Structures are given as C-alpha cells and as structure tokens.
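Here is the structure we will look at.
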Amino acid sequence: MGNAVNLSPKHLLMVLSVVLIWGTNFIAVYIGLKGFPPFLLCAARFALAALPWVFFLPRPKASFKLIFGYGFFTFAMQFGFLFSGIHLGLSPGLASLILQIQVFFSIGLAFLFFQDRPGTWKIFGSLISFVGIGIVATHLKGSGTFIGLIFTLLAAFSWAVGNMFTKKVDADSPLSLVVWGNLVAFPFMVGVSLFLEGPVMILDSLQNMSWATIGAIVYIVYLSTHVGYGLWGFLIKSYPTSVVVPFTLLIPVVGFLSSALFLGEELPWWKLFASLFIMGGLVFNLLENQVKRWFGVIKD
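Set out below in structure tokens:
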C-alpha cells in the first residue's frame with residue numbers, strides 16, 4: 001500500500017501521465033470523428049479494446065446483469081453521447097470540462113441507490129459547478145453545439161450510472177473489467193451504427209480510412225483505454241482515493257491547453273470563467289476536508 005499522504009515520485013509521474021493521456025484524448029476523438037461517424041468510431045474503439053484481450057483476462061466476479069449494466073452505461077452510452085456531442089460541434093476543450101460533471105451525478109445517484117448522503121459542502125460544490133454549465137450554455141452559438149452540450153451532459157450522467165455498477169462488481173483486475181465492459185458495448189454500438197449511420201456510410205468510412213484516423217483510434221484504444229485505465233486502476237488500489245482522484249482536476253486543464261495548442265481552439269473569457277466555476281465546485285467536492293480546514297469547520 002502506498003503512502004496515505006503523498007505519492008512516491010514514480011507514482012506521481014504515473015498519475016501525471018494518465019492526466020496527460022486522458023486530457024489529450026479529446027483531440028484524438030476530434031481527429032477520429034473527421035474520418036468516422038461517431039457511432040462507428042465507438043464501435044471500432046470497443047472492438048479493439050475488447051479483442052483479443054477478452055480471451056486472456058478472466059471475467060470479473062459478478063452477474064452478467066451487473067457486467068452488462070457497467071459496459072452499457074460506462075462505455076456504450078457514455079462514449080456514444082460524448083462522441084456525438086463533439087461531432088455536433090462542442091469543442092474538445094469544453095467536452096473535457098463538461099464531462100467532469102459526472103462527479104456530481106455520481107454523488108446524487110449514490111444517495112438514491114446507496115443512501116450515501118452528500119454533505120452540505122458537496123451540495124454547495126455542485127451548485128457552484130452548475131453555474132459554470134449555465135455560463136457555457138448561454139454562450140454557445142448554434143443549435144447543434146447546444147445539443148452537443150446536452151449530449152455531453154448525458155455522457156457525464158451515463159458515466160455516473162456506470163460508476164454505480166462499478167461499486168457492485170468485484171473485479172480483481174480493473175483492466176479486466178474495462179475489457180469485458182467494452183465487449184458488452186461493442187455489439188450494441190454496431191447495431192446503432194448500422195441503424196443510424198447506415199451500411200453505405202460505414203463502408204465508405206472504412207474504404208477511405210486515413211492514417212490520421214488510424215492513429216486516432218490507436219490512441220483512443222491503446223493509450224487512453226488500456227494504458228490509462230490500467231495505470232489508474234493500479235493507483236486507485238495502491239493509494240487512498242482522496243490522494244489520487246483530485247488529480248482529475250487537471251484533465252480539463254490539459255484538454256483546454258492541448259486543444260488551443262493543436263487545434264487552435266479559442267479561449268475567450270467566458271470559457272475561462274465557466275472553468276473557474278466548474279473546477280471550483282470540484283475542489284469543494286474532492287477536497288472537502290481540506291476546504292473545511294481552510295474555513296475552520298474541522299481542526300487537524
């Protein structure tokens with residue numbers, strides 16, 4: 001078990017690597033969507049993330065219903081909505097920020113299903129963050145981009161529902177759970193792609209696949225999914241959650257900076273202002289005890 005207060009230098013480098021991988025993953029998604037429609041990109045991601053690894057990693061110790069629920073919400077629903085949101089015009093930087101709202105959806109669902117009552121500070125943090133969402137909503141231009149925002153919020157909610165299933169699944173290997181979850185999501189997303197995007201679009205996308213699209217898929221599958229989730233699972237097992245989870249606050253920072261650097265995404269005042277509210281709310285949630293100490297509510 002790692003140190004309960006500080007990460008070792010090696011593990012600090014590890015967690016920062018995960019933040020960098022996940023923060024820049026939104027650029028890979030953006031590039032991938034230039035070559036593939038959103039549901040086909042999801043299907044490709046799920047197929048390569050699950051196969052052939054599912055033959056080498058044991059199925060998590062849980063009922064099929066729980067594994068299905070985890071895979072359906074954490075992967076099929078989350079990434080189906082997220083990829084669609086970016087496809088409809090929501091910028092990768094904003095998407096990386098909005099997705100963090102899953103923290104507050106998780107708090108609400110944990111209260112409903114596990115009687116895990118949130119404290120006043122967590123509720124206050126949620127309200128602060130949703131002010132940031134309001135700022136984003138009032139400054140988006142075009143109905144497509146606004147629908148993209150709604151879809152990304154639905155992606156965050158789907159991730160939160162998936163977290164409820166994760167609490168019920170006994171997985172010795174976090175990577176095993178990820179692989180089996182992707183296996184569940186794959187046939188569902190193939191069906192959605194065939195129904196909504198159609199065989200003609202799918203065939204055309206596959207026949208005209210560029211090296212940029214291939215590179216984006218490789219990044220999404222092997223770096224973001226396998227390496228990212230594998231390292232994250234190890235860190236969560238090795239350290240208290242309160243030591244590791246606050247590093248997710250850096251993901252939108254990396255998302256914004258990388259999108260501005262590589263995609264030329266603009267950073268007007270309202271994006272920065274909205275980020276302050278959303279990130280401020282996350283600080284109240286993830287660092288609740290520290291915030292209480294700052295205000296003298298609890299003593300060391």
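Note that full-length UniProt numbering has the sequence shown beginning at 1, numbered continuously upward. Don't be surprised by glycine CBs; every beta carbon is placed ideally from N, CA and C. Since we're looking at a predicted model, the values are computed, not measured.
Asked	Found
Cβ contact check for the stretch 191 to 206 and the stretch 87 to 102: 3 or more pairs under 8 Å	no
Backbone CA spacing between F83 and P37 [nearest angstrom]	9 Å
Contact check, V18 vs W232, beta carbons under 9 Å	yes
Within the UniProt domain "EamA" (147 to 286), ranges of the alpha helix (DSSP H) (whole runs, at least 4 residues)	174 to 196, 198 to 207, 211 to 218, 229 to 238, 241 to 244, 250 to 263 and 269 to 286
K122 - partner residues in DSSP beta bridges	None, per the DSSP bridge assignment.
Coarse secondary structure for K61, derived from DSSP in three states	strand
Minimum C-alpha distance to V136 - residue among V283, V178, K271 and G280	K271
Within 9 Å, strictly: CB atoms of S205 and I27	no
Identity of the residue in I278, I251, T225 and G280 nearest G23 by Cα	I251
Rounded separation between V179 and G280 - CA only	33 Å
Presumed contact (8 Å Cβ cut-off) between residue 301 and F284, rounded CB distance	Because the chain is modelled from 1 through 300, residue 301 falls outside the range shown and cannot be assessed.
Assigned exposure category for T138 - 16 Cβ within 10 Å defines buried	exposed
Beta-carbon proximity of F273 to G93, cut-off 9 Å	no
Reduced DSSP category for Q115 - H, G, I as helix; E, B as strand; rest coil	coil
DSSP three-state assignment for S129, whether helix, strand or coil	helix
Inter-residue CB distance, A76 and K168 (contact presumed, cutoff 8 Å)	Wrong, their Cβ atoms sit about 18 Å apart, outside the cutoff.
Contact set for S210: own chain, Cβ-Cβ below 6 Å, skip 5 residues either direction	G35
Three-state secondary structure (DSSP) of K141	coil
Assigned secondary structure, S8 (DSSP; H/G/I helix, E/B strand, else coil)	coil
Under the three-state DSSP convention, the category L51 falls into	coil
Candidates A49, G32 and L41: closest to Y229 by CA position	A49
Selected residue, minimal CA-CA separation from L109, among F68, F165, Q78 and P58	F165
Bounding residues of the alpha helix (DSSP H) (the contiguous stretch that carries I101)	Run containing I101: none; DSSP gives neither H nor E here.
Length of the line joining the Cα atoms of G215 and Q102	28 Å
E266 burial status per 10 Å Cβ neighbour count (16 or more: buried)	exposed
Close-in-space but distant-in-sequence residues of the same chain around I31 (CB under 8 Å, 5 per side omitted)	A212, T213, G215 and A216
Close beta carbons around V227, own chain, < 7 Å, minus the five adjacent residues each side	I21
Min CB distance D172 to chain C below 9 Å	Within the model displayed, chain C is absent; a lone protein chain is all it includes.
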